[in-house]
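Let me begin by presenting the structure, written as structure tokens, before commenting on it.
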Amino acid sequence: MDRTRIDVTRAAAGMVAGQLRYGDFLLGPGTPYRWRKLTGWEELPELDSGNVPKPDAHGAYLGRLLSQTRTIALDEVIVRAPAEQLGGVVEQLGAATGLVEGELPLLVHIDERGPLLVWARAVRRTVPVELGYAVGTVTEAAIEWEASDPRRYAPAVQQVETGLPEPCLPWHTTPDGAPRGIPASTGNLTAANLGSAPTHPVVEVWGPVDTPRITNETTGAVLEYDLILDAGEQLVVDTFAGTAALADGESLLHAASVASWPEQAFVLAPGANELTFRAADDAPADPRAAAVLRWRSAHW
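The following block contains the structure:
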């Protein structure tokens, strides 16, 4: 699933501080569901350390830190409604936080920075039925979500695109014949990840192009495919899912060249990423060819 195609910006724009939106379900100010405690949101997720103890010295050999899933919990949730409507209000909470196979967008807005987004599913819900239930109040309810991807994302999708590098037009030359001026397309682009965590872009390549290659000059990562895309054909590389396919769904993972990195290793590092779009060295640069990148900035 291409998550960059799912638009949550309108839902995020309508939220106020203190609200959470899980799918279409809203909690917090302005709803019957208030809360006093949120955990797992501003904390780092649990980490797996790749450090290996040194057998003959103090300390360890430094390894990678890989984050585990992120668990987000709302505790001390208070549900209030007229006594004759409380059953329906509790039923809505239960329907919204039931068991699902996939993950839903969870937007959390806690302060002036605005909402951030994770993809999660509810894994725990408690609704104590105590004395106050008879008068329309539930106290100490709780909801817990688990996000398989622990990164928190900006709701807005960013996009950049470029064509293949084109030479200067014939009249853009100096008197001695050297190129002068600006080419119609440089084949270069800058993708800014405004967060603190690496993020996976979706890369679209439009033909006609022979042996398309996208290089992140900032990280050294390369995506290159030994194929020819005809005019109008589209290669879609979802680096989060690790897929590369034509628009009709035909997988092209087998077409990756020996120089190409695994799709899931192609990320945008925090900050500005300088990228290039190129084709086979002897192939003409068709102005219809294009590369498009879409991503959300990611935060730990």
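Under this note's numbering, the first residue of the sequence shown carries the number 3, and numbering increases by one thereafter.
Ideal placement from N, C-alpha and C gives every residue a C-beta, glycine not left out.
At the level of alpha carbons, what is the spacing between residue i and residue j?
i: Glu132; j: Ile145; result: 18 Å
i: Ala143; j: Val18; result: 22 Å
i: Pro210; j: Gln70; result: 41 Å
i: Asn190; j: Phe279; result: 6 Å
i: Thr241; j: Arg296; result: 11 Å
i: Asp113; j: Pro55; result: 41 Å
i: Arg72; j: Ser262; result: 31 Å
i: Trp37; j: Ala233; result: 54 Å
i: Ser259; j: Leu225; result: 8 Å
i: Ala156; j: Asn195; result: 10 Å
i: Leu29; j: Asp4; result: 27 Å
i: Ala97; j: Tyr24; result: 12 Å
i: Val294; j: Thr188; result: 14 Å
i: Arg126; j: Trp147; result: 7 Å
i: Ala14; j: Leu49; result: 29 Å
i: Leu108; j: Asp77; result: 16 Å
i: Ala267; j: Gly100; result: 34 Å
i: Val10; j: Asp250; result: 25 Å
i: Val92; j: Ser51; result: 41 Å
i: Val79; j: Tyr35; result: 7 Å
i: Leu118; j: Pro289; result: 38 Å
i: Val162; j: Glu206; result: 11 Å
i: Gly65; j: Gly116; result: 34 Å
i: Asp284; j: Glu105; result: 45 Å
i: Ala246; j: Ile74; result: 32 Å
i: Tyr227; j: Tyr63; result: 36 Å
i: Pro84; j: Ala124; result: 26 Å
i: Leu216; j: Pro47; result: For clarity, residue 216 is Ile in the given sequence; the question names Leu instead. About 31 Å.
i: Met33; j: Leu277; result: Here residue 33 is Thr; the residue named in the question, Met, does not match the sequence. Rounded to the nearest angstrom, the two C-alpha atoms are 45 Å apart.
Taking buried to mean at least 16 other C-beta atoms within 10 Å of its own C-beta, is residue i buried or exposed?
i: Thr6; result: buried
i: Asp151; result: buried
i: Gly2; result: Since the displayed the chain opens at 3 and closes at 302, residue 2 lies outside it and no answer follows.
i: His202; result: buried
i: Glu103; result: exposed
i: Asn275; result: buried
i: Leu270; result: buried
i: Asn53; result: exposed
i: Gly90; result: exposed
i: Gly222; result: exposed
i: Ile2; result: The first residue shown for the chain is 3 and the last is 302, placing residue 2 beyond what the model contains.
Secondary structure at residue i, three-state DSSP: helix, strand or coil?
i: Arg5; result: helix
i: Val129; result: coil
i: Gly273; result: strand
i: Thr241; result: coil
i: Pro12; result: According to the sequence as given, residue 12 is Arg; it is not Pro. In the structure shown, Arg12 sits in a helix (DSSP, three-state: H, G or I).
i: Leu68; result: strand
i: Leu95; result: helix
i: Ala136; result: helix
i: Gln21; result: strand
i: Leu248; result: strand
i: Ala143; result: strand
i: Leu101; result: coil
i: Ala267; result: helix
Per DSSP, residue i is paired with what?
i: Pro107; result: Trp121
i: Leu255; result: Answer is none; Leu255 lacks a bridge partner.
i: Thr41; result: Ala75
i: Leu295; result: Val162, Val205
i: His301; result: Arg154
i: Thr278; result: Asn190, Thr217
i: Arg36; result: Ile80
i: Pro55; result: Ala62
i: Asp50; result: Leu68
Is residue i close to the ligand SAM? I mean its beta-carbon at under 7 Å from any heavy atom of the ligand.
i: Gly116; result: No copy of the ligand SAM appears in this structure; indeed no ligand is present at all.
Comparing the C-beta of residue i with each C-beta of chain D, is any distance below 8 Å?
i: Gly90; result: Going by chain labels, chain D is absent from the structure shown, which holds only one protein chain.
Can you list the beta strand (DSSP E) stretches of 3 or more residues lying completely in the segment 187 to 239, in chain order? Entirely contained in the segment 187 to 239, the beta strand (DSSP E) runs reaching 3 residues are, in chain order, 190 to 195, 204 to 208, 215 to 218, 224 to 226.
Quick one: which unbroken beta strand (DSSP E) runs of 3-plus residues sit fully inside the segment 145 to 169? Chain order, please. Whole beta strand (DSSP E) segments, 3+ residues: 160 to 164.
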